[in-house]
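For the protein sequence lines, the chains are A and B, in the order given. Reading the first sequence from the start, the letters are residues 15 to 114 in the working numbering. Reading the second sequence from the start, the letters are residues 4 to 239 in the working numbering.
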Amino acid sequence: MSEETATLLAILGMAAVTFGCRISGLLLGPRFRPTGRLRTAFDAIPPAVLTAVIAPTVLATGWPETLAGAAAIVVALRAPMLATIVTGVVAVVALRHGLG
Amino acid sequence: MTTATSPTATAEIRQAIVDIAPAMVAAAPIGLLYGALATAKGMDVVDVLLASGLIFAGGAQLAAVQIWDRPVPIAALLFSTLLINARYILMSASLAPKVAHLPLLGRILGFHVLADENWAMSERRAGGGRISAPYFFGMGTVFWINWMSFSALGASTGPLIGDPTRWGADFAFTAMFIALTAGFARSRTSVAVIVAAAAAATGAHLTIGAPWHVLAGALTGITVAAVFGTPEETAA
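As C-alpha cells, then:
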C-alpha cells in the first residue's frame, strides 16, 4: 500500500470512528447513562489518553523536555492554556540550547 | 432544516457566533500548529483539509500527528481516535433530548459538527429545554469552518517556517496537552489516573515502543479509575 493510500485510509477511518461516536449518543439517547464505576471509568478516559500520548515526550526524551514539562505543569495549574504553551516552548528552546 | 431565515433564526445565529467567538480565537493557533506539524510528518494541504473537515476533532488529530509514522500505523490511529473521542458518545447523548424536535436525518448529519466547545455552549443555552437548529448548527458550522481554515493555513505556511523543532513548536503540542490534562485534574481520582497513565505510557514506550504507549497508558489510567475511583455526583 502506498504512503498516500495509507494516509487517506487513516484519515477516512478516523473520520468514521469520530462520526460514529458523535451519532451513537444521539441514537442511544437518554438511555445511555453510565453510573457508578462505569461512569468513573468513562470520566477517566480524556485525562488518561491525553497523558498517555505525551508522557514519553516529557519523561523519556531528555532533560530539556522533562524540565520544560515540569514548568508547563506548574503554569497549567494556575494560568490559561496560552500561558502554558508559551512557557513550555520558551523553556524547551532555552534548555535545548543550554543543555543540548 | 432549511426553513426560510426568519428574524428569530438570524438572532439565534448571531447569538451563537457571539458565544463561540472566544473558542474560535483559542482554536486558531492550535489549528495553525496542527497544520504545520502535520506537513512536517509528510501530509500535504489537501490531507490536512480532509482531516480537519472530516474528522474535526483537534485532540484526536494532534494525537494522530504525534504517533504518525512510516508505514502509517492505521490500527493504532483508529484506536487512539476512538479512545480520545469516546467522550462524544456522552456529549451527544446529553444533547439528544434537546434536539429531539428536529428531523432525524438533519440531526445525524448536523451532529458531525459537535465539538467540546459548541457542546458546552449549547448545553448552557438549552438549560433544561430545547435548542434551536440555527443556534446549534450555525455555531457548529462556523466553528468547523474556523478549524479547517486555520489548519489549512498552518499547512501552507508550515513548510516556509522550516523544521518545527528548531523553534520549539513540537513542544507546543506537549504543553497544550499538559494544559488540557490539568483541566481534568480536579479530584484525587483524576490525579491518580494521570500519574498511573504517565508511568504506564512511559514504560511501554521504553519497552514495546510507539504507538503502544497510548493504549498502555490509557487502559492503565482507566483501570485505576474503575478499581480505585470514587464515583462523583454528576448532573443528569
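Backbone N, C-alpha and C fix where the C-beta goes; we use that ideal spot for every residue, glycine too. Note that this is a predicted model, so its numbers are computed, not measured.
Cβ closer than 8 angstroms: which chain A residues qualify as neighbours of residue i?
i       : result
S95(B)  : C35, R36, I37, S38, G39, L40
T146(B) : In the sequence under discussion, the amino acid at residue 146(B) is Phe, which differs from the Thr named in the question. Within 8 angstroms Cβ-Cβ: nothing; F146(B) doesn't reach chain A, min ~14 angstroms.
D91(B)  : Note that residue 91(B) corresponds to Tyr in the displayed sequence, not to Asp. What Y91(B) touches in chain A: T32, C35, R36, G39.
A228(B) : T54, A55, D57, A58, A62
I197(B) : P61, A62, T65
L80(B)  : A24, G27, M28
Give the single residue among the options whose Cα lies nearest to the Cα of residue i.
i       : options                            : result
V72(A)  : I211(B), A221(B), A219(B), D173(B) : D173(B)
W215(B) : S83(B), L52(B), S97(B)             : S83(B)
V102(B) : G39(A), V63(A), A20(A)             : G39(A)
R47(A)  : A158(B), A221(B), L93(B)           : L93(B)
A213(B) : F56(A), M95(A), V67(A), A85(A)     : V67(A)
V28(B)  : G232(B), I148(B), R127(B)          : I148(B)
A29(A)  : T11(B), F114(B), Q18(B)            : F114(B)
S95(B)  : A97(A), A86(A), G43(A)             : G43(A)
V198(B) : L96(A), R53(A), A58(A)             : A58(A)
A3(A)   : G206(B), T192(B), G186(B), A182(B) : Residue 3(A) is absent from the model: chain A starts at 15 and stops at 114.
P25(B)  : T144(B), A201(B), M124(B)          : M124(B)
I164(B) : E15(B), T42(B), D22(B)             : T42(B)
G38(B)  : V230(B), G232(B), S159(B)          : S159(B)
F187(B) : G83(A), F56(A), A105(A)            : F56(A)
S97(B)  : A67(B), L222(B), G132(B), A30(B)   : G132(B)
T205(B) : G224(B), R189(B), G171(B)          : G224(B)
E17(A)  : A12(B), M46(B), A207(B), V217(B)   : M46(B)
V107(A) : T11(B), L156(B), G171(B), L35(B)   : G171(B)
Q69(B)  : L222(B), M179(B), T226(B)          : M179(B)
G56(B)  : R110(A), L113(A), I25(A), T19(A)   : I25(A)
G232(B) : T21(A), C35(A), R51(A)             : R51(A)
I99(A)  : R110(A), H111(A), A84(A), L113(A)  : A84(A)
T32(A)  : V48(B), A89(B), I111(B)            : A89(B)
L85(B)  : L23(A), L109(A), G34(A), R53(A)    : G34(A)
P74(B)  : K44(B), S135(B), V48(B)            : K44(B)
A19(B)  : A155(B), I134(B), A54(B)           : I134(B)
Applying a beta-carbon distance threshold of less than 7 angstroms, which residues of chain B neighbour residue i?
i      : result
G83(A) : T177, I181
L91(A) : A185
L73(A) : A201, T205
If contacts are defined as beta-carbon pairs under 8 angstroms, then residue i and residue j qualify, I think. What distance do you get, rounded to the angstrom?
i       : j       : result
T75(A)  : V89(A)  : Contact flag wrong, Cβ pair sits at about 19 angstroms.
L65(B)  : F176(B) : 6 angstroms
A219(B) : V196(B) : Contact doesn't hold; Cβ gap of about 14 angstroms is too wide.
P137(B) : E15(B)  : 4 angstroms
E120(B) : I23(B)  : 7 angstroms
F146(B) : A118(B) : 6 angstroms
D50(B)  : T21(A)  : 6 angstroms
A221(B) : A200(B) : 7 angstroms
L81(A)  : A62(A)  : With 8 angstroms as the limit, L81(A) and A62(A) do not qualify as a contact, their Cβ atoms being about 24 angstroms apart.
A30(B)  : G62(B)  : Not confirmed; about 11 angstroms, so no contact.
T54(A)  : T192(B) : 7 angstroms
I33(B)  : G27(A)  : Between G27(A) and I33(B) the Cβ distance is about 22 angstroms, and since that is not below 8 angstroms, they are no contact.
W77(A)  : L113(A) : 5 angstroms
A54(B)  : V217(B) : The pair is not a contact, with the Cβ atoms about 18 angstroms apart (cut-off 8 angstroms).
L156(B) : L35(B)  : 6 angstroms
F153(B) : V116(B) : So it is not a contact: roughly 16 angstroms between Cβ atoms.
Which residues in chain A have a C-beta closer than 7 angstroms to the C-beta of residue i? List them in chain order.
i       : result
S135(B) : Those within 7 angstroms of S135(B) in chain A number zero; the least Cβ separation is about 17 angstroms.
T84(B)  : M28, V31, T32
L105(B) : Chain A residues near L105(B): none, gap ~11 angstroms exceeds 7 angstroms.
G171(B) : V103, V106, V107
Which residues in chain D have a C-beta closer than 9 angstroms to the C-beta of residue i? List them in chain order.
i      : result
L23(A) : Absent from the structure is chain D; the protein chains it does hold are A and B.
Just the chain A side, please: which residues come within less than 9 angstroms of residue i by C-beta, in chain order?
i       : result
T192(B) : T54, D57, A58
_Continuous alpha helix (DSSP H) assignments of at least 4 residues falling wholly in the region 83-112 of chain B_ = Segments of the alpha helix (DSSP H) lying fully in the region 83-112 of chain B: 90-98.
*Taking only runs that begin and end inside the region 19-84 of chain A, name each unbroken alpha helix (DSSP H) of 4 or more residues, in chain order.*
For the region 19-84 of chain A, whole alpha helix (DSSP H) runs of length 4 or above, ordered along the chain, are 50-73.
*Check each residue of the region 149-166 of chain B: if its Cβ is closer than 8 angstroms to any Cβ of chain A, include it; give the result in chain order.*
Taking 8 angstroms as the upper bound on Cβ-Cβ separation, chain A lies near no residue of the region 149-166 of chain B.
_Near-chain A residues of the region 52-75 of chain B - C-beta to any C-beta below 9 angstroms_ = So the close ones are L53, A54, G56, L57, I58, F59, A60, G62, A63, Q64, L65, A66, A67, Q69, I70, W71, R73, P74, V75.
_Contact set between the region 108-132 of chain B and chain A, restricted to residues whose Cβ is under 7 angstroms from the partner_ = Here the close residues are R110, I111, F114, H115, L117.
*Using a Cβ-Cβ cut-off of less than 7 angstroms, list which residues of the region 200-211 of chain B approach chain A; keep chain order.*
Within the region 200-211 of chain B, the residues whose Cβ lies closer than 7 angstroms to some Cβ of chain A are A200, A201, A204, T205, H208, L209, listed in chain order.
*Under 9 angstroms (Cβ pairs) to chain A, residues found in the region 215-226 of chain B*: Those residues of the region 215-226 of chain B placed with their C-beta closer than 9 angstroms to a C-beta in chain A are H216, V217, L218, A219, G220, A221, L222, T223, G224, I225, T226, ordered along the chain.
*Can you check the region 124-175 of chain B for any alpha helix (DSSP H) of at least 4 residues that lies completely inside it and give the ranges in chain order?*
Correct list: 136-164.
*Select from the region 14-28 of chain B all residues with a C-beta closer than 9 angstroms to any C-beta belonging to chain A, and list them in chain order.*
Against chain A - using a Cβ distance shorter than 9 angstroms - the region 14-28 of chain B contributes no residues.
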